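With my numbering applied, the sequence shown covers 229 to 665. We treat Cβ as the ideally placed atom computed from N, Cα and C, and that holds for glycine. Note that this is a predicted model, so its numbers are computed, not measured. One structure is given here, and the rest of the page talks about it.
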Amino acid sequence: MNISVIGTGYVGLVAGTCFAETGNDVICVDIAEEKVRKLQQGIITIFEPGLEVLFKRNLKEGRLNFTTDLAEAVAKTDVIFLALPTPPDEDGSADLKYVLGAASDIGKLMTGYKVLVDKSTVPVGTAEKVRAAVAKELASRNVDVEFDVVSNPEFLREGVAVDDFLKPERVVIGSSSERATAVMKELYEPFVRQGNPIIVMDEKSAELTKYAANSMLALKISFMNEIANLCERTGANVDMIRRGIGTDSRIGNRFLFAGVGYGGSCFPKDVQALVKTSGDFGYDFKILKAVEKVNDLQKLSLVPRIESHFGGSVKGKKIAVWGLAFKPNTDDVREAPALVMIDELLKRGATVSAYDPEAMPNVRRTHEGKITFAERDYDALTDADALVIATEWNEFRNPNFEVMQKLMRGKAIFDGRNIFDPAKMNALGFEYFSIGR
229 MNISVIGTGY
239 VGLVAGTCFA
249 ETGNDVICVD
259 IAEEKVRKLQ
269 QGIITIFEPG
279 LEVLFKRNLK
289 EGRLNFTTDL
299 AEAVAKTDVI
309 FLALPTPPDE
319 DGSADLKYVL
329 GAASDIGKLM
339 TGYKVLVDKS
349 TVPVGTAEKV
359 RAAVAKELAS
369 RNVDVEFDVV
379 SNPEFLREGV
389 AVDDFLKPER
399 VVIGSSSERA
409 TAVMKELYEP
419 FVRQGNPIIV
429 MDEKSAELTK
439 YAANSMLALK
449 ISFMNEIANL
459 CERTGANVDM
469 IRRGIGTDSR
479 IGNRFLFAGV
489 GYGGSCFPKD
499 VQALVKTSGD
509 FGYDFKILKA
519 VEKVNDLQKL
529 SLVPRIESHF
539 GGSVKGKKIA
549 VWGLAFKPNT
559 DDVREAPALV
569 MIDELLKRGA
579 TVSAYDPEAM
589 PNVRRTHEGK
599 ITFAERDYDA
609 LTDADALVIA
619 TEWNEFRNPN
629 FEVMQKLMRG
639 KAIFDGRNIF
649 DPAKMNALGF
659 EYFSIGR
């Protein structure tokens, strides 16, 4: 098929590359000229394991192309994916100006049948708004062109997005058009050859499915963090509880790890947007409001413990931080718990030396001059009074503890991701603090 993807951010670049990998001709469109120039030259603009190999192969073979010319893309393609940002407004609602702006622009350019696909995470009713935006432009041109609008939410996990796209657990297609549904099924058939389902539903249900999925996962995380906080008061061990409930098939064993909260581009924004959407329809989504509140508090949960360890103040203390990304295997720092902790520690008078394998360039944009960025993980530890682990990168799991002890001035480790064994750490002579254990 001839496909265009509007937007070359995280979702757009992964989707465009993976569609090209199955033989489709793909044109990716972006208004950022410098970004498009880099992509045309084979310079990938995001970090995602496994993506660069596919990106360069399909670029070389001519199936993957990049342009700033929307008119070219609309003229040459039959299926147009909208993979544009939907940032939260101040009231928590998803800002649709980029999605609806692109829909209007497409309506000004269409001359034949197109399938417009909402790939962005959008609130209930967006497909109708996209349809209206296109129809308005067609009417103003006094032309009668058929088109369909489909909701096709993505369920990509940063760090394993390529596998998630190439081997999806399910594909959700929201469409009331048999013609558009047939196009979408044909497009996705190569990805579900092992029998995973393509689930067809109405557009509104598809839009809400994405929000419901992310909100459910956020709920599990916040629930386990509440259990962890209770464990610290009762003497129970949250790891044992996780194993005890995770073997129950009704619950499952994923998203049950306690820590310093969730972040990223999806969970915080989607929970917030679903709360706002519920309010717009006259429903008070009380449990999701609690999920948000718990997560906000959890991001700061280690700070009082660090202060208490130092006698009530961190003023003048040097705190090393391992991990800045909101999760491992990504450079995404949006809503990252590490940055919330760092800002609070700085506010209370501490100095911070940080290391992350991938995310430091992104953090430099906001924290250059405020904190020190280390070239290696051990470099961050020099003369540190304490270490905070904020992201569970694999390279942090088996460090040389003797080297750590020699470099650090203090022996306190505040493990926000529970990557070490408490008994082992205490035996090694560290003052070790974790979550719910």
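Would you identify the three-state DSSP class for residue i, choosing helix, strand or coil?
i       : result
Tyr-238 : helix
Glu-659 : strand
Gly-230 : Looking at the sequence provided, one finds Asn at residue 230 rather than Gly. Three-state DSSP puts Asn-230 in a strand.
Ile-271 : coil
Val-549 : strand
Thr-600 : strand
Met-429 : strand
Leu-574 : helix
Ala-260 : coil
Asn-293 : strand
Pro-313 : coil
Tyr-490 : coil
Tyr-583 : strand
Val-561 : coil
Lys-342 : strand
Phe-642 : strand
Leu-528 : coil
Asp-508 : helix
Leu-279 : helix
Leu-447 : helix
Ile-647 : coil
Ala-612 : coil
Asp-333 : helix
Arg-542 : For the record, residue 542 in the displayed sequence is Val; it is not Arg. Looking at Val-542 - three-state DSSP - the assignment turns out to be coil, as it is neither helix nor strand.
Ala-566 : helix
Ala-440 : helix
Ala-322 : strand
Ile-617 : strand
Asp-253 : strand
Ile-455 : helix
Looking only at its own chain, which residues have a Cβ that is under 7 Å from the Cβ of residue i, when we skip the five neighbours before and after it?
i       : result
Leu-502 : Tyr-439, Ser-443, Phe-513 and Leu-516
Arg-398 : Asn-424, Pro-425 and Ile-427
Pro-585 : Trp-621 and Glu-623
Comparing C-alpha positions only, which one of the options sits nearest to residue i?
i       : options                               : result
Ile-259 : Gly-644, Asp-297 and Ile-599          : Asp-297
Met-569 : Asn-557, Val-233 and Gly-487          : Gly-487
Asp-376 : Leu-292, Lys-652 and Met-412          : Met-412
Met-229 : Gly-244, Thr-236 and Tyr-238          : Gly-244
Gly-491 : Pro-316, Asp-508, Lys-555 and Arg-645 : Lys-555
Val-420 : Val-400, Pro-351, Thr-437 and Leu-436 : Val-400
Arg-291 : Gly-240, Lys-263, Phe-247 and Ser-405 : Phe-247
Ala-446 : Glu-356, Val-519, Arg-369 and Arg-637 : Val-519
Tyr-238 : Gly-329, Asp-333 and Gly-387          : Gly-387
Lys-304 : Ser-232, Glu-318 and Val-350          : Ser-232
Ala-360 : Asp-333, Thr-349 and Phe-383          : Asp-333
Ile-449 : Ala-578, Pro-496, Thr-409 and Glu-417 : Pro-496
Lys-347 : Val-591, Gln-268, Lys-598 and Glu-431 : Glu-431
Lys-543 : Val-561, Arg-533, Leu-573 and Leu-528 : Leu-573
Tyr-606 : Met-636, Asn-590 and Thr-594          : Met-636
Asp-319 : Phe-661, Asp-498 and Gly-657          : Asp-498
Asp-323 : Leu-484, Ser-541, Asp-649 and Lys-504 : Lys-504
Val-302 : Phe-393, Lys-263 and Gly-340          : Gly-340
Asp-253 : Glu-261, Glu-280, Ile-274 and Lys-288 : Lys-288
Val-522 : Ile-274, Thr-354, Pro-565 and His-537 : Pro-565
Leu-279 : Thr-610, Thr-314, Asp-508 and Leu-384 : Leu-384
Pro-381 : Lys-598, Leu-310 and Gln-526          : Leu-310
Glu-630 : Asp-649, Met-653 and Ile-647          : Met-653
Phe-275 : Asn-628, Ile-308, Thr-236 and Glu-300 : Thr-236
Ser-368 : Gly-335, Asn-590 and Ser-536          : Gly-335
Using a Cβ-Cβ cutoff of less than 6 Å, which residues in the same chain neighbour residue i once the five nearest sequence positions on both sides are dropped?
i       : result
Val-373 : Met-338 and Leu-366
Pro-277 : Asn-557
Leu-436 : Val-352
Gly-644 : Gly-487, Val-488, Leu-530, Ile-617 and Ala-618
Thr-579 : Lys-546
Phe-294 : Cys-256, Val-264, Leu-267 and Gln-268
Am I right that residue i and residue j are in contact with their C-beta atoms under 8 Å? What's the rounded C-beta distance?
i       : j       : result
Ala-640 : Glu-659 : 4 Å
Leu-344 : Tyr-326 : Actually they do not touch by this definition, with Cβ atoms about 14 Å apart.
Val-242 : Ala-441 : That pair is no contact at about 18 Å.
Ile-534 : Phe-642 : 6 Å
Ala-548 : Ala-612 : 4 Å
Val-358 : Leu-394 : At roughly 27 Å, the Cβ-Cβ gap does not stay under 8 Å, so Val-358 and Leu-394 are not in contact.
Val-378 : Ala-408 : 5 Å
Leu-615 : Trp-550 : 7 Å
Asp-306 : Lys-342 : 6 Å
Ser-493 : Arg-562 : 5 Å
Going along the chain, which residues of its own chain have a beta-carbon closer than 8 Å to the beta-carbon of residue i, five neighbours each way excluded?
i       : result
Met-588 : Leu-552, Ala-582 and Phe-601
Asn-455 : One detail in the question is off: residue 455 reads as Ile in this sequence, not Asn. For Ile-455, where only same-chain residues beyond five positions count, the Cβ hits under 8 Å are Val-466, Ile-469, Ala-486 and Gly-664.
Ser-477 : none
Unbroken stretches of the beta strand (DSSP E), 3 residues or longer, contained in the stretch 346-399: 375-379
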